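Trainee:
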Amino acid sequence: MTKTTNTGSRNNDEGKQQPSVLENFKPLIVDVAVPLGSYYLFKGAFGMSTFAALAWSSVVPAVRTVWSVVRERRGNAFAGLILLVNVVSLALSFVSGDPRLMLAKDSGVSSAIGIAILVSVAMGRPMMTEGLKPFIVKGDAAREAAFERLRTGSAAFRRTERVYSLVWGALLLTECVVRVVGAYTLPVDTMVWLGTVILVGAIGIGMVVSGGLAAEPMARMISAEVTAAEEEPEGAEDGARREVAVAA
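Residues 10 to 257 in the numbering used here are what the sequence shown spells out, letter by letter.
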C-alpha cells in the first residue's frame, strides 16, 4: 500500500511542469536586458541622443515598478534599480565642460547602484538575490522549492544572502571612490582607459569574492536541502514499517 502511494507521488511529481531556463531568467531579461538593450537600440539604430535613449529605455522599468507596487503590493527591486540608474544617468547627462568632471560623473551610476543595494540589505530584502537565484536553482523545481524553504526557514541562508548583496554594494561604492580619486589625480588620458579597467576589475573581484563567501555556500545549502527532501519519504516509510513491526 505504501509502495503504491509513493509511486503515485513520484508520478505526480514527474507530471508537474518543470520551469524552463527561460522562465527562471525572465526577471533578468525583462528588468535588465530589455532596458539596456533598448537603450543601445534607440541610440545606435535610431540615432537618438543619449538623453532621449535613456528616457525611452526607462519606460519598461518605470511601468514594472509601478505595476509591482499597485498590483503586487511590493517593490520590484531589479526594475527599480534600473530605473534609478537611468534617472541618475539622465541627471548626469546635463553635466559637461570640465573633462575631469566628465570622467568622475561616470562613477555616479556605480555609486547609485551600490547605495541602492546596501539600502535593500538594510531593509531586509537584498536585491542581488534575484540576479543570483537563476544561476543556483538552474531551472530545477526541486532546487527552486528548496531555495524558498531555506529563504523562509534558515537564518544561515538569509545571512549568506545578505552577504552576497553586501559584497556587491560595498565593491561598487569602492569602485566609485577609486574612479573619482583617479579622475582628479591622474592624467585625463590615463583615466580614459583606466576607468574601464577599474570597472572590469571590480566586477571580476566581485564575482570571485561573492561567489566564495555567498553563492557557493548557498548552492551547497540548496543541494543539501534537496537531498534531505528526497530522503525524507524513504525515512518516513522505514519509520512506518518499524511501527507496524512493533505493533505486530
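Don't be surprised by glycine CBs; every beta carbon is placed ideally from N, CA and C.
None of these values were measured; they are calculated from a predicted model.
Of the choices 100, 178 and 53, whose alpha-carbon is the least far from that of residue 218?
Mentor: Taking only the C-alpha atoms, the option nearest residue 218 is 178.
Trainee: Alpha carbon to alpha carbon, how far is residue 237 from residue 119?
Mentor: So the two alpha carbons sit approximately 40 Å from each other.
Trainee: Would you report the Cα separation of residue 212 and residue 149, rounded to the nearest angstrom?
Mentor: C-alpha separation (whole angstroms): 27 Å.
Trainee: Would you identify the three-state DSSP class for residue 12, choosing helix, strand or coil?
Mentor: Any reading at residue 12 needs caution, since the residue's pLDDT is 43, under 50, leaving its predicted position unreliable; the model's value is listed next. Helix, per DSSP.
Trainee: If you drop the 5 nearest sequence neighbours on each side, which residues of the same chain put their C-beta closer than 6 Å to that of residue 112?
Mentor: Counting only Cβ-Cβ distances below 6 Å, and skipping sequence neighbours, we find 192 and 200.
Trainee: Going straight from the alpha carbon of residue 203 to that of residue 108, what length do you get?
Mentor: Residue 203 and residue 108: Cα-Cα distance of roughly 15 Å.
Trainee: Who are the near neighbours of residue 195 in its chain, counting only those whose CB is closer than 8 Å to its CB and skipping five residues on each side?
Mentor: Correct list, in chain order: 203.
Trainee: Between residue 160 and residue 231, which are expected to be in contact by the criterion C-beta below 8 Å, what is the C-beta distance as a whole number of angstroms?
Mentor: Not a contact, Cβ separation roughly 10 Å.
Trainee: Using CA coordinates, which residue listed in 75, 49 and 146 is at the minimum distance from residue 7?
Mentor: Residue 7 lies beyond the range of the chain shown here (10 to 257); nothing can be said about it.
Trainee: Taking the beta carbon of residue 129 as the centre, do at least 16 other beta carbons fall within 10 Å, making it buried, or is it exposed?
Mentor: Classification of residue 129: buried, given that the 10 Å Cβ count is 16 or more.
Trainee: Which residues mark the beginning and the end of the alpha helix (DSSP H) in which residue 67 is found?
Mentor: Per DSSP, residue 67 belongs to no alpha helix (DSSP H) and is neither H nor E.
Trainee: Taking the alpha helix (DSSP H) that residue 224 falls in, what are its first and last residues?
Mentor: No alpha helix (DSSP H) contains residue 224, which DSSP labels as neither H nor E.
Trainee: For residue 219, does the three-state DSSP call read helix, strand or coil?
Mentor: Residue 219: helix per DSSP, three-state reduction.
Trainee: What is the DSSP secondary structure of residue 55, counted as helix, strand or coil?
Mentor: Residue 55 falls in the coil class under three-state DSSP.
Trainee: In angstroms with no decimal places, state the Cα-to-Cα distance between residue 55 and residue 62.
Mentor: Answer to the nearest angstrom: the Cα atoms are 9 Å apart.
Trainee: State the Cα-Cα distance for the pair residue 186 and residue 215, rounded to the nearest angstrom.
Mentor: So the alpha carbons of these two residues sit roughly 16 Å apart.
Trainee: Contact check, residue 155 vs residue 234 under 8 Å by CB: the rounded distance?
Mentor: Yes, they are in contact, since the Cβ atoms of residue 155 and residue 234 sit about 4 Å apart, within 8 Å.
Trainee: Assuming residue 173 contacts residue 131 (C-beta within less than 8 Å), just tell me the rounded distance between them.
Mentor: Their Cβ separation, rounded to whole angstroms, is 15 Å, which puts residue 173 and residue 131 out of contact at 8 Å.
Trainee: Mapping the DSSP letters down to three states, classify residue 147 as helix, strand or coil.
Mentor: Here residue 147 sits in coil by DSSP.
Trainee: Is residue 135 helix, strand or coil by DSSP?
Mentor: If DSSP states are grouped into helix, strand and coil, residue 135 belongs with coil.
Trainee: Here's the rule I'm using: 16 or more other beta-carbon atoms within 10 Å means buried, otherwise exposed. How should residue 75 be labelled?
Mentor: The residue in question, residue 75, is exposed, as its Cβ has fewer than 16 Cβ neighbours within 10 Å.
Trainee: Would residue 123 pass as a contact of residue 208 if the rule is Cβ separation under 9 Å?
Mentor: Not in contact: residue 123 and residue 208 (Cβ atoms no closer than 9 Å).
Trainee: Does the separation of the CB atoms of residue 227 and residue 170 fall below 9 Å?
Mentor: Cβ atoms of residue 227 and residue 170: closer than 9 Å.
Trainee: Please list the terminal residues of the continuous alpha helix (DSSP H) segment that includes residue 174.
Mentor: Segment 164 to 194, the alpha helix (DSSP H) holding residue 174.
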